[in-house]
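A.B. asks:
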């Protein structure tokens, strides 16, 4: 596997982790092997095997002492520290004192540093990224909470190294979030980052000035997160059911599991709906063995009432953080929301009311930190100097073909520089020149578009119509200069025209043209269909006329007359400006059917040679050639 | 008049142009690489999308099916059984398959353990005693892991 040279951005979270990378100038979250955008930060030891992520989570219950979750709580900390002692109560595995009194995980007598455990998580992120990018990844930017001290940051860097990654930088999570929202471009500002994740709450006050971020203060609640919100809903459901039926479902593991899922589902639904139906039929049995059903409605209002205390709990640390930073709420210029729980409308409302401004929430709150890490990675890796914003061509470019139709070559909003070729042919026998009329616009008929220029390619050796191969190439360079070349593939003779400023149109002009096209869409479509059916009719009549001249005497006299008559009628209709598309199509089909006889005769003998027939049919316009083996649409990439 | 031999050699200030050129060449390669990756991924996504078409609908249909099967377990009614069979048949027409779990060895790829009744038994020997929530595959891919009780 060759090295991709890319630096990935990793959000190594307490509950969940995510990885992202810069591609083509924008950050992209890399999906895991399981197809999700984030994965649980869980590592399970199973004999010689180590499982990470979703697979680890699915069998956590089998080995609670061998399943390590939330190891981030122990990174770079001493075993005896109050934070570790508090966290130990929340995990099922053993934490003991290791080297230098640091907290280490003990599994079946073997000690693992939190770095070694985290390294397994980072290794999975690395592997998923390599799979996505199709090459080796050896460099990363990893995020840490703003309050991480030196020891914790070092431990995180070590974890990366153990996983085979050179950690180019350790970035603060709130800073990464600010990068994801492009706040580093704001000049100078004071930013509040409100991060309510699965298990922890963090508030950070940052200052940005001249592209440099400074952390003014941090605060939070290490045991406040989405899980707590779920638990409140579960308690409420159990309580309501007990009121109605007298049964306590908390003692029933089967029912409890269903309620847990229902609670999470309701929580998510209530972020967009005003109420959620919680229906779990046959949840348990009554005293007489009769089935009992759980059915209740949770309204958003009720949910907000239930979780109000929790949300208020998050405001206390916010106030403290502001005080420590020495700023007032009015001094905060930008507010950012991070973490899945911030999807809840009530949380957004409380934050908005507290700061008196609308928080940034456009980026997926579960992914925003990883995205920011990727952006930083891109800057370090040289992917993003000044983001190259490529131009697009605002309107469709094409040329005029038989029947006054506009045939597009380059669709509007195509990123430039670009090049497109298509092979055309002549409309009439012995046509020795073609005129290329370069058109810009969205209408179907040539006359309704703007002509940017015209030129003629002559010197085409006389041949049957449709035989010459004229390759027309439209090439737009990065400055928007359009070069149109027409080349006769047989003689290699070519002509070209250079058009400046094909992309220089004001937004209004572009809008106007688009609206005109929309307004006339149906009408244009009909006109185009009519032109095409007319072309077809003429073409068929012309061909049949030739065939009659060649094979006519081999036909039955009566048949010959019938066909001649049909062809004549068809030709007249094709010239008739009042003929409708349907009439033309029908006449064409009928004529073709009646001319089956010629085909039969043709198949019995070889053709005798070219007939020179002069037909005046938009003589100079190139015909759009639909024959598969001759006219190939090619994209020319130099 | 003679033609210069190496058109690509920068004419003026050597190092500056040379490094600019190198940097430009790098950028081109990266852009091309990104493009090729995008092509490959678009192709893979297309295959994935085709395989997992209807995923959202199927997943939401599994819920009422769960409850229907629960009902059929508790209420002995041939009519109800018919409905359950019909539902399952319909789903299999769309490539949905129930994960065989009861009585099988525990397989982390298709199952999730919600309760372990025998803590002393080694993992390898654990067998599914009860399926709390059925798991399903859509065109061979797990769309919902089975939630099982093992022992």
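Chains as they are written, first to last, in our numbering: chain A, 9 to 646; chain B, 17 to 167.
Ideal placement from N, C-alpha and C gives every residue a C-beta, glycine not left out.
Quick caveat, the model's predicted, so the values are computed rather than measured.
In its own chain, which residues sit with a C-beta less than 7 Å from the C-beta of residue 293(A), not counting the 5 before and 5 after it?
C.D. replies: Correct list, in chain order: 299 and 300.
A.B. asks: By a C-beta neighbour count over all protein chains shown, 10 Å radius and 16 as the cutoff for buried, is residue 640(A) buried or exposed?
C.D. replies: Confidence is the limiting factor: at residue 640(A) the pLDDT is only 31, short of 50, which leaves the residue's position unreliable and the question unanswerable from this model.
A.B. asks: Expressed to the nearest angstrom, what Euclidean distance is found between the alpha-carbon atoms of residue 151(B) and residue 121(B)?
C.D. replies: Taking the straight line joining both Cα atoms gives about 15 Å.
A.B. asks: Within the 9 Å Cβ cut-off, does residue 91(B) reach chain A?
C.D. replies: Residue 91(B) counts as touching chain A.
A.B. asks: Within the same chain, show all residues whose beta-carbon is closer than 8 Å to that of residue 166(B), passing over the 5 residues directly before and after it, in chain order.
C.D. replies: These residues qualify, in order along the chain: 122, 129, 131, 132, 133, 134, 142, 143, 144 and 145.
A.B. asks: Going by CA-CA distance only, name the one from 199(A), 275(A), 302(A) and 556(A) that's closest to residue 251(A).
C.D. replies: Per the Cα distances, 302(A).
A.B. asks: By Cβ distance, which residues of its chain are closer than 8 Å to residue 673(A), with the 5 residues on each side in sequence left out?
C.D. replies: The structure shown has nothing for residue 673(A), since chain A only spans 9 to 646.
A.B. asks: Thinking C-alpha only, which one of 154(A), 139(A), 161(A) and 133(A) is nearest residue 122(A)?
C.D. replies: Taking only the C-alpha atoms, the option nearest residue 122(A) is 161(A).
A.B. asks: Can you give the beta carbon distance from residue 15(A) to residue 27(A), rounded, assuming they're within the 8 Å contact cut?
C.D. replies: About 11 Å separates the two Cβ atoms, so there is no contact after all.
A.B. asks: For residue 533(A), which option in 497(A), 81(A) and 454(A) has the closest C-alpha, if you only look at C-alpha atoms?
C.D. replies: Comparing Cα positions, the closest option is 454(A).
A.B. asks: From residue 523(A) to residue 589(A), what does the alpha carbon distance come to, in whole angstroms?
C.D. replies: Taking the straight line from one Cα to the other gives about 26 Å.
A.B. asks: Looking at chain A, is there any beta carbon in it that lies within less than 9 Å of the beta carbon of residue 155(B)?
C.D. replies: It does not; no Cβ of chain A falls within 9 Å.
A.B. asks: In the DSSP assignment, find the beta strand (DSSP E) that holds residue 228(A) and state where it starts and stops.
C.D. replies: From DSSP, the beta strand (DSSP E) with residue 228(A) extends over 220 to 229.
A.B. asks: Taking three-plus beta-carbon pairs below 8 Å as touching, is the stretch 244 to 260 of chain A in contact with the stretch 198 to 218 of chain A?
C.D. replies: With a cut-off of 8 Å, the stretch 198 to 218 of chain A and the stretch 244 to 260 of chain A do not count as touching, because too few Cβ pairs lie within range.
A.B. asks: Got a sec? Which residues, its chain only, sit under 6 Å from residue 501(A) by beta carbon, not counting five neighbours each side?
C.D. replies: 467, listed in sequence order.
A.B. asks: In whole angstroms, what separates the C-alpha of residue 137(A) from that of residue 544(A)?
C.D. replies: Straight-line Cα distance between these residues: approximately 54 Å.
A.B. asks: Name, in chain order, the residues that DSSP records as bridge partners for residue 414(A).
C.D. replies: DSSP, once it has assigned bridges, lists 408(A) as partnering residue 414(A).
A.B. asks: List the endpoints of the continuous alpha helix (DSSP H) containing residue 342(A).
C.D. replies: Looking at the DSSP string, residue 342(A) is not in any alpha helix (DSSP H); the run it does join, the beta strand (DSSP E), is 342 to 346.
A.B. asks: Quick one: does residue 130(B) have its CB under 9 Å from some CB of chain A?
C.D. replies: Taking Cβ atoms only, chain A reaches closer than 9 Å to residue 130(B), which makes this a yes.
A.B. asks: Alpha carbon to alpha carbon, how far is residue 44(B) from residue 460(A)?
C.D. replies: Near 31 Å, if we compare the C-alpha coordinates of residue 460(A) and residue 44(B).
A.B. asks: With DSSP run on the structure shown, which of helix, strand or coil describes residue 74(A)?
C.D. replies: DSSP places residue 74(A) in coil when its eight states are reduced to three.
A.B. asks: Starting from the beta carbon of residue 141(A), find every residue of chain B whose beta carbon is closer than 7 Å, and list them in chain order.
C.D. replies: By Cβ distance, chain B contributes 53.
A.B. asks: Using the Cα positions of residue 308(A) and residue 281(A), report the straight-line distance between them to the nearest angstrom.
C.D. replies: Between residue 308(A) and residue 281(A), the C-alpha separation is close to 8 Å.
A.B. asks: Between the C-alpha atoms of residue 609(A) and residue 565(A), what's the straight-line distance to the nearest angstrom?
C.D. replies: If you take the alpha carbons of residue 609(A) and residue 565(A), they lie about 13 Å apart.
A.B. asks: Under 9 Å, do residue 418(A) and residue 440(A) count as touching if we go by C-beta distance?
C.D. replies: No; because the gap between Cβ atoms is not below 9 Å, this pair is not in contact.
A.B. asks: Report all residues from its chain with a CB closer than 7 Å to the CB of residue 88(B); omit the five preceding and five following residues, and keep chain order.
C.D. replies: Same-chain partners within the cutoff: 96, 97 and 100.
A.B. asks: Give me the DSSP bridge partner(s) of residue 11(A).
C.D. replies: In DSSP, residue 11(A) forms a bridge with 144(A).
A.B. asks: Of all the residues that make up the stretch 124 to 152 of chain B, which are near chain A by a beta-carbon distance shorter than 9 Å?
C.D. replies: Residues 124, 125, 127, 128, 129, 130, 131, 132, 135, 138, 139, 140, 142, 146, 148 and 149.
A.B. asks: Residue ranges of each beta strand (DSSP E) run of no fewer than 3 residues wholly in the stretch 170 to 247 of chain A, ordered along the chain?
C.D. replies: Runs found: 174 to 180, 196 to 204, 209 to 217 and 220 to 229.
A.B. asks: On the DSSP letters alone, give me the boundaries of the alpha helix (DSSP H) that residue 491(A) sits inside.
C.D. replies: It is not in any alpha helix (DSSP H) - residue 491(A) instead sits in the beta strand (DSSP E) that spans 490 to 496.
A.B. asks: Which of the three DSSP states, helix, strand or coil, is assigned to residue 168(A)?
C.D. replies: Residue 168(A): helix per DSSP, three-state reduction.
A.B. asks: Between residue 618(A) and chain B, is the shortest Cβ-Cβ distance under 9 Å, so that the two count as touching?
C.D. replies: Low confidence applies here, because residue 618(A) scores a pLDDT of 42, under 50, leaving its location unreliable; read the following figure in that light. Judged by the 9 Å Cβ criterion, residue 618(A) is not in contact with chain B.
A.B. asks: Using a cut-off of 8 Å between C-beta atoms, extract the partners of residue 56(B) located in chain A.
C.D. replies: Going along chain A in sequence order, the residues near residue 56(B) (Cβ under 8 Å) are 142.
A.B. asks: Where does residue 555(A) land, buried or exposed, given buried means 16+ other C-beta within 10 angstroms?
C.D. replies: So residue 555(A) ends up on the buried side.
A.B. asks: Which word fits residue 110(B), buried or exposed, when buried means at least 16 other C-beta atoms lie within 10 angstroms of its C-beta?
C.D. replies: Burial call: exposed.
A.B. asks: Taking residue 344(A) and residue 367(A) to be in contact with their CB atoms under 8 Å, please state how far apart those CB atoms are, rounded to whole angstroms.
C.D. replies: Confirmed, about 6 Å.
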